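Chains as they are written, first to last, in my numbering: chain A, 396 to 501; chain B, 1157 to 1277.
Spelled out as structure tokens, the structure:
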């Protein structure tokens, strides 16, 4: 099974900050990596797919990069609506999520 | 617009069964694989099962293989999850999720609002 490890688990930041979340796969997954945002009491929402492609309607302050085993999600100029939990997911072999990164207000 | 509406959750005793349904609208159901994903209270996301656009294959997470069965009825635009031999650790919010595309390994582009399953005596 492919394991996905995110870091950090929690990230404290202020509105306007730029933040980076890292996701590592236990083996190469090419670019088959997605990022999701989940707010309390809501279903997750697709942000990024194919490592760097923006999902429908997703603001351009979100960007993704990486391939193989190392990936990053960058949120430039954090907005109040961005405080949430972020999950990476590999879809190279079945589907596996990272444990999540909570972005909280500093 | 794309909608996925789950139903069938509730409180059930350990060892009993439950069937979840997910009615979809707003897209061509028979052109997409469908998944179930669960999230235990306060925990992360766990992929459970997938069914092909035409029902030709199903795959399961190891934690539920042999106990859960995913199926679909393309005439009713509905996907199901039959859950047998339920355990307390199956307690979770269960999400119905659309695969972005017909087949193969793809990300999840639309999610339902979820239905809560609680396994407790």
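Ideal placement from N, C-alpha and C gives every residue a C-beta, glycine not left out.
Keep in mind the model is a prediction, meaning the values are calculated, not measured.
Inset, instruction - Give a yes or no on whether 9 Å exceeds the smallest Cβ distance from residue 1197/B to chain E. - result: Annotation note: the requested chain E is absent from the structure, which comprises protein chains A and B.
Legend entry - Coarse secondary structure for residue 465/A, derived from DSSP in three states: As a working mapping, residue 465/A is identified with position 70 in the first chain. Strand, per DSSP.
Inset, instruction - Output, in sequence order along the chain, the residues in the segment 429-441 of chain A whose CB is closer than 7 Å to any CB in chain B. - result: 429, 438, 439 and 441
Legend entry - Option in 1189/B, 1260/B, 1209/B and 1193/B with minimal Cα separation from residue 1220/B: As a working note, residue 1220/B is residue 64 in the second chain. Here the closest residue by C-alpha is 1193/B.
Inset, instruction - Out of 471/A, 405/A and 409/A, point me to the one whose CA is closest to residue 481/A's CA. - result: Here residue 481/A refers to the residue found at position 86 of the first chain. Nearest C-alpha to residue 481/A: 405/A.
Legend entry - Extent of the continuous beta strand (DSSP E) run through residue 1256/B: Numbered from 1 along the second chain, position 100 holds the residue referred to as residue 1256/B. It is not in any beta strand (DSSP E) - residue 1256/B carries neither H nor E in the DSSP assignment.
Inset, instruction - Compute the distance between the beta-carbons of residue 474/A and residue 399/A, then report whether it is under 9 Å. - result: Walking along the first chain from the start, residue 474/A turns up at place 79. Walking along the first chain from the start, residue 399/A turns up at place 4. For residue 474/A and residue 399/A, no; Cβs fall outside 9 Å.
Legend entry - the segment 453-470 of chain A touching the segment 423-438 of chain A, judged by at least three CB pairs closer than 8 Å: yes
Legend entry - Buried or exposed (CB count within 10 angstroms, at least 16 for buried), residue 440/A: Position 45 of the first chain holds residue 440/A. Buried is the call here.
Inset, instruction - Locate the beta strand (DSSP E) running through residue 1226/B, then write down its first and last residues. - result: On the second chain, position 70 is the one that residue 1226/B refers to. Segment 1224-1229, the beta strand (DSSP E) holding residue 1226/B.
Inset, instruction - Indicate the three-state DSSP secondary structure (helix, strand or coil) for residue 1183/B in the structure shown. - result: On the second chain, position 27 is the one that residue 1183/B refers to. Residue 1183/B: coil per DSSP, three-state reduction.
Inset, instruction - Keeping to the same chain, check which residues put their C-beta closer than 6 Å to that of residue 1168/B; ignore five residues upstream and five downstream. - result: Within the second chain, numbered from 1, the residue matching residue 1168/B stands at position 12. Here the set comprises 1174, 1242 and 1275.
Legend entry - C-alpha distance - residue 472/A paired with residue 1232/B, whole-angstrom precision: Numbered from 1 along the first chain, position 77 holds the residue referred to as residue 472/A. Numbered from 1 along the second chain, position 76 holds the residue referred to as residue 1232/B. Near 45 Å, if we compare the C-alpha coordinates of residue 1232/B and residue 472/A.
Legend entry - Outcome for residue 1158/B when other beta-carbon atoms lying within 10 angstroms are tallied against a minimum of 16: Locating residue 1158/B in the second chain gives position 2, where the first residue counts as 1. By the 10 Å Cβ count, residue 1158/B comes out exposed.
Legend entry - Chain-ordered chain B contacts of residue 492/A [CB-CB under 9 Å]: Residue 492/A sits at position 97 when you count from the first residue of the first chain. Within chain B, the residues near residue 492/A are 1193, 1200, 1201, 1202 and 1203.
Inset, instruction - Sort 1177/B, 1196/B, 1179/B and 1183/B by Cα distance to residue 1258/B and report the nearest one. - result: On the second chain, residue 1258/B is found 102 positions in, with the first residue counted as 1. Here the closest residue by C-alpha is 1183/B.
Inset, instruction - List the residues of chain B that residue 486/A touches, going by C-beta distances under 7 Å, in chain order. - result: Counting from 1 along the first chain, the entry for residue 486/A is found at position 91. Residues of chain B passing the Cβ test: 1261, 1262 and 1263.
Legend entry - Backbone CA spacing between residue 1234/B and residue 1214/B [nearest angstrom]: Translated into positions along the second chain, residue 1234/B becomes position 78. Translated into positions along the second chain, residue 1214/B becomes position 58. Their Cα atoms are separated by approximately 15 Å.
Inset, instruction - Keeping to the same chain, check which residues put their C-beta closer than 6 Å to that of residue 495/A; ignore five residues upstream and five downstream. - result: Locating residue 495/A in the first chain gives position 100, counting from the first residue. The answer, listed in chain order, is 480 and 482.
Inset, instruction - Output yes or no for whether 9 Å exceeds the beta carbon distance between residue 1116/B and residue 1254/B. - result: The displayed coordinates of chain B run from 1157 to 1277. Any statement about residue 1116/B would go beyond what the structure contains.
Inset, instruction - List the residues of chain B whose Cβ lies closer than 9 Å to the Cβ of residue 427/A, in chain order. - result: For this step, residue 427/A is matched to residue 32 along the first chain. Chain B residues near residue 427/A: 1261, 1262 and 1263.
Legend entry - 7 Å Cβ cut-off: residues of chain A touching residue 1189/B: For this step, residue 1189/B is matched to residue 33 along the second chain. What residue 1189/B touches in chain A: nothing, since even the nearest Cβ is about 11 Å away.
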